[in-house]
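This report refers to the structure that appears directly beneath it.
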Amino acid sequence: MDLKKLQSDVFEVMKGYASDSEYLLDTDFAMKKLAEEFGEFNQAVLIHEKKCRKVKWVSEETSKKNLAGELADLLGILLLTAELFGIDMEKEMLDKWYSYLKK
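In this text, residue positions in the sequence shown follow the working numbering: the first is 25, and each later residue adds one.
Put into structure tokens, the structure is as follows:
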């Protein structure tokens with residue numbers, strides 16, 4: 025998967041979502057949405073680890089699917105945030121993370 029294209033595509037999806045919902049797609053929105061999605065991921069982790077009320081327990085398969093979905097939401101909003109700040113995440117990942125592999 026091409027991270028640069030994914031970042032651009034996520035931005036296009038969110039522009040449509042913002043237009044339909046009539047809110048401003050800016051860094052303030054992205055930061056609040058990131059906090060919201062992180063909270064949802066944390067909740068999915070608690071459920072996955074069964075550190076919640078028993079009424080929320082689900083099967084291992086459902087739990088993994090929920091975790092994956094919340095991680096996808098987090099990545100999407102991270103990429104949106106990068107786009108709004110004018111940051112090329114593909115370049116940054118290659119520069120920062122891949123530099124450790126070269127050592």
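By construction, the Cβ of each residue, glycine as well, lies at the ideal position given by its N, Cα and C atoms.
All figures in this text were calculated on a predicted structure; none of them were measured in a lab.
Annotation for A54: I101, L104, T105 and L108 place their beta carbon closer than 7 Å to its own, counting only its chain and skipping 5 residues before and after. Annotation: E64 to N90 spans about 10 Å, alpha carbon to alpha carbon. Note on geometry: alpha-carbon atoms of K57 and V82 lie some 26 Å from one another. The criterion of a C-beta distance shorter than 7 Å is not satisfied by I71 and K78.
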